[in-house]
Every structure is written in structure tokens, then in C-alpha cells.
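First up is the structure itself, then whatever we jot down about it.
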Amino acid sequence: MRKILVVLTALALGACSSKPTKTEEDKAVSKKSEQAPPRFYAKFETTKGDFILEVVRDWAPRGADRFYELLQDKYYDGSRFFRVRPGFIVQFGISKDPKQSELWRQLKLPDDPVKQKNLKGYVSYAMAGPGSRTTQVFVNLANNSALDSSGFAPFARVVEGMDVVEKLYAGYGEVQALGGGGPDSQKIEGLGEEYLARNFSRLDKINQVTIVDYSPKADAAGAAAKAGTKH
234 MRKILVVLTA LALGACSSKP TKTEEDKAVS KKSEQAPPRF YAKFETTKGD FILEVVRDWA
294 PRGADRFYEL LQDKYYDGSR FFRVRPGFIV QFGISKDPKQ SELWRQLKLP DDPVKQKNLK
354 GYVSYAMAGP GSRTTQVFVN LANNSALDSS GFAPFARVVE GMDVVEKLYA GYGEVQALGG
414 GGPDSQKIEG LGEEYLARNF SRLDKINQVT IVDYSPKADA AGAAAKAGTK H
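Just so we're aligned, residue 234 is where the sequence shown starts under this note's numbering, counting upward by one.
Now the structure itself:
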């Protein structure tokens, strides 16, 4: 049963895309990846409160570089946590702007080796098979190390505000791709915030994300480091 869940999750986590125009293809090809710092912190200001991610480039270099680039582009600002499964994951990463989503969907990201486990608080990219990562990511709400063998490579972890992540609105249930009453990811991509505001207005939103200077609290850093050694 768990194996089936992992397979279905992988399918649902991947974003569907429409065929890009020639202009969009040219933009995608010309856009160059920017290397992230070895370690940096991203503060997410949301409608439920703030949380902070620590991104460690060595864990998944390609994933960290893409995330850093997306933050520079303000890609996540104004987007929503469209898939919230208590005890499993919180997923986000489809832009409020359909044009922005369409461009970034063409920039498929090569896979990273899995160096960290998908433990509670760790963050990985959503995908629908090898070489399919783009912009969608999820925060593990439990020990989901069963996802490791499917190629989900954590590149970050929550170092502050995990209680905020766990309180994000989950009332709509699973996404429609898995038979739930939640949003349709293809409609989010095609219509953006318009679709969510009209049909799923209670979903929590990312107001803005900023890269910040941060010194992890001793207890949080120690717990995270201890968890990170269980590999």
C-alpha cells in the first residue's frame, strides 16, 4: 500500500504543461542558472505566520541553485500552498501568474543524488519521474523516508516555524488528480491566482520570500543536525 502511495504521489506532484510557444522556448533556453551560496536562509512570510528554510547546496546542488534562482525572481511571492496533507506533506510552487508558470515549466532540472532522507521538516522537489523537476516543492510533515528510493532529494529543511507549516489550511483535502476535493494543478497553471481565489480562497498564501541572515537557535540546529545523521 505504501509503495502504491509513493507512485501515485510522484505522479500527482509533477506539474502538467502545455506546449510552449517559440518565444517562450527561446526565453527558456536563454535563461541561465545562478549558483547558490553553500548555505543560505529563506524567510517565508505567509498568511499563517513565518517560517525559515535553511538551504544547503551540498545536499542537492542543482535543486539549491534552482531554488535560489526562483527566489531571486520572486517566483513564489503571492502563490498558495495548494496541496496540504496532514501527516504527509505540504506542497507549493505554482506561480500566481500563468505566464510565469509556463516559462519555468520548460526549464526541466536534472536530478540530484539523494543525500538526505525525507524526514519531517525536510524539503524536496516534486516530480513525475526522472528529469522532471521544475518549481514545485514540498515540506515533509512526517518521516517520509520511503520517498528516498524514488529520487526525491531534499535540498533544505525548516529551521524555524515548523508549527506554522503544520497549521496551513488543509480543509479542501487531496488534490483532484488523486480523487480529492482540492485544486486541479492544471487549472492553477492555466489560470493562476484567479482560479484559486474563486474556488479555494481559504488556502494559505505566501506573501513574500526573502533571503535573510539567520543564526539557528541552538536547540533547533542540534535537533536538525541529529536528524540529518540518520541516513
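Glycine included, every Cβ here is placed at the ideal spot set by N, Cα and C.
Cβ pair residue i, residue j closer than 9 angstroms
i, j, result
"Asn373", "Val392", "no"
"Ala389", "Val289", "yes"
"Arg338", "Leu429", "no"
"Leu304", "Val442", "yes"
"Ile444", "Phe273", "yes"
"Asp298", "Ala269", "yes"
"Tyr402", "Gly413", "no"
"Glu426", "Gly282", "no"
"Tyr447", "Glu302", "no"
For residue j and residue i, believed in contact at Cβ under 8 angstroms, the rounded distance
i, j, result
"Asn440", "Pro387", "Their Cβ separation, rounded to whole angstroms, is 25 angstroms, which puts Asn440 and Pro387 out of contact at 8 angstroms."
"Ala293", "Lys348", "7 angstroms"
"Pro343", "Gly364", "6 angstroms"
"Phe315", "Gly394", "Their Cβ separation, rounded to whole angstroms, is 19 angstroms, which puts Phe315 and Gly394 out of contact at 8 angstroms."
"Leu436", "Pro331", "Their Cβ separation, rounded to whole angstroms, is 17 angstroms, which puts Leu436 and Pro331 out of contact at 8 angstroms."
"Phe321", "Ala375", "6 angstroms"
"Val408", "Val323", "Not a contact, Cβ separation roughly 12 angstroms."
Which of helix, strand or coil DSSP assigns to residue i
i, result
"Phe277", "strand"
"Glu258", "With a pLDDT of 41 at Glu258, under the threshold of 50, the modelled position of this residue cannot be trusted, and the question is left open."
"Leu352", "coil"
"Phe300", "helix"
"Glu287", "strand"
"Lys450", "coil"
"Ser263", "A caution first: Ser263 carries a pLDDT of 39, below 50, which makes its placement in the model too unreliable to give a value."
"Leu340", "coil"
"Lys438", "strand"
"Gln268", "coil"
"Thr443", "strand"
Beta-carbon contacts of residue i that lie in its chain and below 7 angstroms, excluding the five residues immediately before and after
i, result
"Gln333", "Tyr308"
"Ile421", "Phe315, Ile327, Tyr428, Leu429"
"Lys400", "Lys281"
"Glu267", "Asp298, Tyr301, Glu302, Gln305"
Sequence-distant residues of the same chain with beta carbon closer than 6 angstroms to residue i, five excluded per side
i, result
"Arg295", "Leu342, Pro343, Asp345"
"Gly326", "Thr368, Gln369, Val370"
"Pro319", "Ala403"
"Pro271", "Arg290"
"Arg366", "Leu342, Tyr358, Met360"
"Lys450", "none"
"Lys329", "Gly311, Ser312, Gly425, Glu426"
"Thr256", "Interpretation of Thr256 is limited by its pLDDT of 43, a score under 50 that renders its predicted location unreliable; no figure is taken from the coordinates."
"Asp396", "none"
Same chain only: Cβ atoms within 8 angstroms of residue i, ignoring 5 sequence neighbours per side
i, result
"Thr280", "Asp437, Lys438, Asn440"
"Ser202", "With the chain covering only 234 through 464, there is no way to say anything about residue 202."
"Asn432", "Pro416"
"Asp381", "Val347, Lys350, Asn351"
Subject >> alpha helix (DSSP H) runs wholly inside the segment 355–431, at least 4 long, in chain order >> reply: Within the segment 355–431, complete alpha helix (DSSP H) segments of at least 4 residues are found at 395–399, 418–424, given in chain order.
Subject >> Entirely enclosed beta strand (DSSP E) segments - the segment 303–334, minimum 3 residues >> reply: You should have 316–318, 322–325.
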